[in-house]
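Engineer:
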Amino acid sequence: MSYLYALSNFQLPIGTVNELICGLLIQFNIFTNNNDGSKHPVSAAIYGAIAGNTWYRCQYILQDQKIGMYNNISPKCIFFSQIFGDLIGVPFNYMALRWVIRTKKDYINGSKNDPLHQWTSQVLINYNTNAIQYVLLGPIRLFKRYPILPLGFIFGIISPILIYFLYKLNLKLIKKRTFKFDFNFNFWNTTIIFSTMSKFYGYISTGPFTQFLIGTVTMFYMFRYKHELFKRYNYVIAAAFDTGFNLCMAVLFIFVSGGLLNSGKPIQMPNWWGNDPDSIEKCYA
266 MSYLYALSNF QLPIGTVNEL ICGLLIQFNI FTNNNDGSKH PVSAAIYGAI
316 AGNTWYRCQY ILQDQKIGMY NNISPKCIFF SQIFGDLIGV PFNYMALRWV
366 IRTKKDYING SKNDPLHQWT SQVLINYNTN AIQYVLLGPI RLFKRYPILP
416 LGFIFGIISP ILIYFLYKLN LKLIKKRTFK FDFNFNFWNT TIIFSTMSKF
466 YGYISTGPFT QFLIGTVTMF YMFRYKHELF KRYNYVIAAA FDTGFNLCMA
516 VLFIFVSGGL LNSGKPIQMP NWWGNDPDSI EKCYA
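Numbering follows our numbering, in which position 79 of the sequence shown is assigned residue number 344; successive positions increment by one, without gaps.
#1: Let me know if Val355 comes out buried or exposed under the rule of 16 or more other beta-carbons within 10 Å of its beta-carbon.
#2: From Pro340 to Gln347, what distance separates their C-alpha atoms?
#3: For Asn540, which of helix, strand or coil comes out of DSSP?
#4: Assuming contact is defined by CB atoms lying nearer than 8 Å, are Ala309 and Ala396 in contact in what I supplied?
#5: Going by DSSP, what residue range makes up the alpha helix (DSSP H) through Pro425?
#6: Here's the rule: buried if 16 or more other CB atoms are within 10 angstroms of the residue's CB, otherwise exposed. What is Cys323?
#7: Mind checking which residues open and close the alpha helix (DSSP H) that includes Ile311?
#8: Buried or exposed for Glu493, please, with buried defined as at least 16 other CB atoms from any protein chain shown within 10 angstroms of its CB.
#9: Three Cβ pairs or more, each shorter than 8 Å: is that satisfied between the region 286-294 and the region 396-409?
#10: Using C-beta distances below 6 Å, list every residue in its chain close to Leu438, excluding the 5 sequence neighbours before and after it, in chain order.
#11: Quick one: what does DSSP say Thr456 is sitting in, helix, strand or coil?
#12: Taking its Cβ as the centre, do 16 or more other Cβ atoms sit within 10 Å of Asn318, making it buried, or is it exposed?
#13: Cα separation between Gly313 and Phe448?
#14: Could you tell me how far apart the beta carbons of Leu501 and Asn336 are, in whole angstroms, since I believe they sit closer than 8 Å?
#15: Can you tell me whether Gln347 is helix, strand or coil according to DSSP?
#16: Taking all protein chains shown into account, do 16 or more other C-beta atoms lie within 10 angstroms of the C-beta of Val282, making it buried, or fewer, making it exposed?
#17: Looking only at its chain, what residues have a beta carbon closer than 8 Å to the beta carbon of Asn435, apart from the 5 residues adjacent to it on each side?
#18: Between the Cα of Tyr372 and the Cα atoms of Gly421, Leu389, Asn358, which residue gives the shortest distance?
#19: Are the beta-carbon atoms belonging to Thr461 and Pro425 less than 8 Å from one another?
#20: Report buried or exposed for Val400, applying the criterion of at least 16 other Cβ atoms within 10 angstroms of its Cβ.
#21: Expressed to the nearest angstrom, what Euclidean distance is found between the alpha-carbon atoms of Gln330 and Asp351?
#22: Is the beta carbon of Phe520 sitting closer than 8 Å to the one on Leu526?
#23: Classify Tyr392 as buried or exposed, calling it buried when 16 or more other Cβ atoms lie within 10 Å of its own Cβ.
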């Protein structure tokens with residue numbers, strides 16, 4: 266998975282796989298002591314948090330080390346900068362969590378309807394659903410009820426092999442001049458395709474479309490037609506944009522939404538043509 270991320274910058278979500286492994290461990294009493302049959306769904310959340318965080322931490326270490334290599338920064342300095350970032354990030358994340366719970370709790374628990382359908386809490390609902398189906402219900406009972414689901418594991422194993430043979434067949438036909446069109450099967454990554462197909466965007470956001478536009482410009486146009494510029498500046502500019510965005514978001518959250526500049530009272534966004542006077546999160550710009 267680290268190789269896939271380093272090669273394509275694609276972050277593979279593994280949360281559901283972690284929940285499945287946890288469910289199997291509990292159902293077969295592996296490394297567990299629940300002979301009385303008691304199960305608690307929070308165990309899946311804890312296991313998923315520990316296992317997932319381990320993977321993502323390793324991934325970010327590799328990512329930052331590559332950025333450090335481009336900027337001629339020693340690995341030791343990169344490591345200490347990551348530790349420093351975690352020490353700063355944890356309290357800020359907790360502050361953001363408390364702010365969301367305090368201001369958006371009614372939208373998250375469903376007691377109020379979010380008119381913009383942004384605060385859907387779909388990630389939390391997904392955690393709860395995974396915990397129920399993989400711990401309380403269990404993988405064996407789940408797959409007995411839906412026997413077609415395990416076929417996905419078989420198809421996932423076979424599909425890369427199938428793509429490889431199609432790639433070889435396509436090259437052979439082109440060399441024999443019996444077929445002129447190149448399908449570029451060597452770029453068909455089934456892991457990325459299937460993972461993206463399984464992702465559900467239940468909220469209203471311009472983020473996916475923006476990612477598509479930026480990805481097309483950088484990973485297609487710049488990578489293919491301006492490769493020297495891509496190699497020299499792609500990761501550095503991406504890191505600069507990422508840092509700038511997080512700094513701006515932190516400043517707005519602390520000084521504007523947090524009211525640090527206004528005696529603890531949040532500063533209201535002035536009404537102009539680019540925003541909705543009833544909801545600052547609805548942008549027309």
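From the three backbone atoms N, C-alpha and C, an ideal C-beta is built for every residue, glycine too.
Structural biologist: According to the structure data:
#1: For the purposes of this step, residue 355 is taken as the residue at position 90 of the sequence shown. Counting Cβ neighbours within 10 Å, Val355 comes out exposed, since fewer than 16 surround it.
#2: The residue given as residue 340 occupies position 75 in the sequence shown. The residue given as residue 347 occupies position 82 in the sequence shown. The alpha-carbon of Pro340 is positioned some 11 Å away from that of Gln347.
#3: One-based indexing of the sequence shown puts residue 540 at position 275. Of the three classes helix, strand and coil, the one that applies to Asn540 here is strand, per DSSP.
#4: In the sequence shown, counting from the first residue as 1, residue 309 sits at position 44. In the sequence shown, counting from the first residue as 1, residue 396 sits at position 131. Yes, Cβ-Cβ distance for Ala309 and Ala396 is below 8 Å.
#5: Residue numbering aside, residue 425 sits at position 160 when the sequence shown is read from its first letter. Taken as a continuous stretch (DSSP letters only), the alpha helix (DSSP H) holding Pro425 covers 416-440.
#6: Indexing the sequence shown from 1 puts residue 323 at position 58. Exposed: under 16 other Cβ atoms inside 10 Å.
#7: Position 46 of the sequence shown, counting from 1, holds the residue named residue 311. In the DSSP annotation of this structure, the continuous segment of the alpha helix (DSSP H) that includes Ile311 starts and ends at 307-335.
#8: Counted from its first residue, the sequence shown places residue 493 at position 228. Classification of Glu493: exposed, given that the 10 Å Cβ count is below 16.
#9: With the rule of 3 Cβ pairs closer than 8 Å, the region 286-294 counts as touching the region 396-409.
#10: Along the sequence shown, one-based indexing puts residue 438 at 173. Taking Leu438 as the centre and dropping the five residues before and after it, the same chain places the C-beta of Phe444 closer than 6 Å to its C-beta, in chain order.
#11: Residue mapping note: residue 456 aligns to position 191 of the sequence shown, counting from 1. Of the three classes helix, strand and coil, the one that applies to Thr456 here is helix, per DSSP.
#12: Locating residue 318 in the sequence shown gives position 53, counting from the first residue. Counting the other Cβ atoms within 10 Å of the Cβ of Asn318 gives fewer than 16, which makes it exposed.
#13: On the sequence shown, position 48 is the one that residue 313 refers to. On the sequence shown, position 183 is the one that residue 448 refers to. Phe448 has its alpha-carbon roughly 38 Å from the corresponding atom of Gly313.
#14: Here residue 501 is taken as the residue at index 236 of the sequence shown, counted from 1. Here residue 336 is taken as the residue at index 71 of the sequence shown, counted from 1. Contrary to the premise, residue 501 reads as Val rather than Leu in this sequence. That pair is a contact at about 7 Å.
#15: In the sequence shown, residue 347 corresponds to position 82, counting from 1. Gln347 falls in the helix class under three-state DSSP.
#16: In the sequence shown, counting from the first residue as 1, residue 282 sits at position 17. Taking a 10 Å sphere around the C-beta of Val282, we find fewer than 16 other C-beta atoms and assign the residue as exposed.
#17: Position 170 of the sequence shown, counted from the start, is the residue given in the question as residue 435. Excluding positions up to five away in sequence, the list reads Phe444, Asp447, Phe448, Phe450.
#18: Here residue 372 is taken as the residue at index 107 of the sequence shown, counted from 1. In terms of CA proximity to Tyr372, Leu389 leads the group Gly421, Leu389, Asn358.
#19: In the sequence shown, residue 461 corresponds to position 196, counting from 1. In the sequence shown, residue 425 corresponds to position 160, counting from 1. The Cβ atoms of Thr461 and Pro425 lie no closer than 8 Å to each other.
#20: On the sequence shown, position 135 is the one that residue 400 refers to. Buried.
#21: Reading the sequence shown from its first residue, position 65 is the one you call residue 330. Reading the sequence shown from its first residue, position 86 is the one you call residue 351. Rounded to the nearest whole angstrom, the CA to CA distance from Gln330 to Asp351 is 16 Å.
#22: As a first step, residue 520 must be located in the sequence shown, where it is residue number 255. As a first step, residue 526 must be located in the sequence shown, where it is residue number 261. Yes, the Cβ-Cβ distance between Phe520 and Leu526 is below 8 Å.
#23: As a first step, residue 392 is located in the sequence shown; it is residue number 127 there, counting from the start. Buried: at least 16 other Cβ atoms inside 10 Å.
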